[in-house]
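*Asks:* Each residue of the sequence shown is one higher than the last, beginning at -14 in this note's numbering. Take this structure first; my questions come after.
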Amino acid sequence: MQSIDEVLGELPMPPYVTAEDVTFAVKAVAVHAAEQWPDGLRCRNDRAPHPCRLHRWGRRVLDQRGLTNGQIQALIAEQDASQR
Ligand SMILES: [Zn+2]
């Protein structure tokens, strides 16, 4: 059986990554974080095998924007803090 990921393929990237896209991407990566399940890592949000489509999309947008891993982690931490 095909997974939903294989059927739908990758989400399209915005043609030009704006600051707003970065905000969405950080949110996607933060919300679609990995969670340990008996059969491996799954998305905390949609239970798809991690990294799920939205997580991958978020990482691609942030990569395109030229953010380093450290900068991405800092943005996620910032967003987590602002939601508390
Ligand atoms: Zn997800």
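All residues carry an ideal CB built from backbone N, CA and C; glycine is no exception.
Taking C-alpha atoms, which residue in PRO23, ARG45, SER67 lies nearest to PRO0?
*Replies:* It is ARG45 whose Cα lies nearest to the Cα of PRO0.
*Asks:* Determine the closest residue to GLY62 out of GLU5, ALA4, VAL16, GLU(-5), with distance taken between C-alpha atoms.
*Replies:* At residue 62 the sequence reads Ala, which differs from the Gly that was named. The option with the nearest alpha carbon to ALA62 is VAL16.
*Asks:* Please state if the CB of GLY51 and the CB of ALA10 are separated by a distance shorter than 8 Å.
*Replies:* no
*Asks:* From this set, LYS12, GLN68, LEU60, ALA59, which residue's C-alpha is nearest ARG41's C-alpha?
*Replies:* LYS12
*Asks:* Quick one: residues in its chain with C-beta nearer than 8 Å to the C-beta of ASP31, no 5 flanking neighbours on either side, listed in chain order?
*Replies:* Result list for ASP31: HIS17, CYS37, LEU39, in chain order.
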